[in-house]
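> FYI, UniProt numbering numbers position 164 of the sequence shown as 164, with every residue one higher than the one before it.
Note that CB positions come from ideal geometry on N, CA and C, so glycine has one too.
Note that the coordinates shown come from a computational prediction; the quantities given were computed from them, not determined experimentally.
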Amino acid sequence: MSGHSKWATIKRKKGALDAKRGKLFTKLIKEITVASRMGGGDPNGNPRLRKAVNDAKGQAMPADTIKRAIQRGTGEIEGANYEEILYEGTGPAGTMFLIEAMTDNRNRTVAEIRKIFEKNNGQLGAGGSAQWAFDRKGVITLAKESANEDQLMEVAVGMGADDYSDQGEEWQVLSGTDALDGVAKALEEAKIPVKSYGPGYIPKTKKAVSERDAEVCLNLFDALDDHDDVQNVYADFDIADDELAKIS
1 MSGHSKWATI KRKKGALDAK RGKLFTKLIK EITVASRMGG GDPNGNPRLR
51 KAVNDAKGQA MPADTIKRAI QRGTGEIEGA NYEEILYEGT GPAGTMFLIE
101 AMTDNRNRTV AEIRKIFEKN NGQLGAGGSA QWAFDRKGVI TLAKESANED
151 QLMEVAVGMG ADDYSDQGEE WQVLSGTDAL DGVAKALEEA KIPVKSYGPG
201 YIPKTKKAVS ERDAEVCLNL FDALDDHDDV QNVYADFDIA DDELAKIS
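1) Sort A52, D225, G22 and K27 by Cα distance to A35 and report the nearest one.
2) By how many angstroms is the C-alpha of G91 removed from the C-alpha of Y201?
3) Less than 8 Å between the CB atoms is what I'm expecting for E189 and S129, so what's the real figure, rounded?
4) Give the straight-line distance between the Cα atoms of L224 and E112, rounded to the nearest whole angstrom.
5) In the DSSP assignment, what are the bridge partners of K137?
6) When you compare only the Cα positions, how much space is there between Q167 and V157?
7) Mapping DSSP to helix, strand and coil, what is Q231?
8) According to DSSP, is T65 helix, strand or coil?
9) For D150, count neighbouring C-beta atoms within 10 Å of its own C-beta (all shown protein chains included) and say buried if the count is 16 or more, exposed if not.
10) Please determine, among I247, A147 and D229, the residue with the shortest C-alpha to C-alpha distance to E169.
11) Considering just the uninterrupted stretch of the beta strand (DSSP E) at I192, what are its terminal residues?
12) State the start and end residues of the unbroken alpha helix (DSSP H) segment that holds G91.
13) Which same chain residues, not among the five before or five after Q71, have their C-beta less than 6 Å away from its C-beta?
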């Protein structure tokens, strides 16, 4: 659910994502609920809901749980009224962070996010303090073995994707947000399975960090990502492979 970066591989290798299964379910349920509220409960006519349901099925979420989340969103059954908020902040060495959250208690969430920043040598900022450092893009991830560069060039770029890049264990394909659904659909039709896709924030320029700054940036990223109300975290720091090896 978080910001499409090579350091996420460390967390996968540690098994952290498996340990957070309950939190992941909570985030997916919130996304299904909000997507249903905003675009209706039919996945065929609601691309955001279709993606959320597919993500939930990919995590083996029970069908009844998905159905109830949709019904809460459409108002068929009672449930929390989640609000989408974008938080912005700074971390060590002038790094920038964007946090997409869903909450039913704005005051509680902002206080807790502020505390996470303060504990990790960062600061929660006002609106516009960090968003300027990122571009809003469609972001698609693919397993490395599912496609080669020729296929990505022909299918993804041919359908309107802006670019693709090697992220270690996976490919990342970027597009305009308006072209996102078309590119994802074209990949699926070409029998290239999509691991995840959705709108996201990509840093315009990455900031190299090392030693203690690198460790604190990772700690801040992980602490934000672990918060129950946080859906996605994006940051503009970059850590060299040898630094990552030392930290891990």
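So, from the listed chains and residues:
1) The count along the sequence shown starts at 1 and reaches residue 35 at position 35. Of the candidates A52, D225, G22 and K27, the one whose C-alpha sits nearest the C-alpha of A35 is A52.
2) Position 201 of the sequence shown, counted from the first residue, corresponds to residue 201. Position 91 of the sequence shown, counted from the first residue, corresponds to residue 91. Their backbone Cα atoms lie some 17 Å apart in a straight line.
3) In the sequence shown, residue 189 corresponds to position 189, counting from 1. In the sequence shown, residue 129 corresponds to position 129, counting from 1. Contact flag wrong, Cβ pair sits at about 41 Å.
4) Residue 224 sits at position 224 when you count from the first residue of the sequence shown. Residue 112 sits at position 112 when you count from the first residue of the sequence shown. Using only the alpha carbons, I get a separation of about 10 Å.
5) In the sequence shown, residue 137 corresponds to position 137, counting from 1. The partner list for K137 (beta bridge, DSSP) reads G200.
6) The residue labelled residue 167 in the question sits at position 167 within the sequence shown. The residue labelled residue 157 in the question sits at position 157 within the sequence shown. Distance between the alpha carbons of Q167 and V157: 17 Å.
7) Numbered from 1 along the sequence shown, position 231 holds the residue referred to as residue 231. Of the three classes helix, strand and coil, the one that applies to Q231 here is strand, per DSSP.
8) Within the sequence shown, residue 65 is the residue found at index 65, counting from 1. In the structure shown, T65 sits in a helix (DSSP, three-state: H, G or I).
9) Translated into positions along the sequence shown, residue 150 becomes position 150. The residue in question, D150, is exposed, as its Cβ has fewer than 16 Cβ neighbours within 10 Å.
10) Here the question's residue 169 lines up with position 169 in the sequence shown. It is A147 whose Cα lies nearest to the Cα of E169.
11) Your numbering for residue 192 matches position 192 in the sequence shown. Per DSSP, I192 belongs to no beta strand (DSSP E) and is neither H nor E.
12) Start at 1 with the first residue of the sequence shown, and residue 91 comes out as number 91. Where G91 is concerned, there is no enclosing alpha helix (DSSP H), given that its DSSP letter is neither H nor E.
13) Residue numbering aside, residue 71 sits at position 71 when the sequence shown is read from its first letter. Excluding residues within five positions, the ones whose Cβ falls inside 6 Å are I77.
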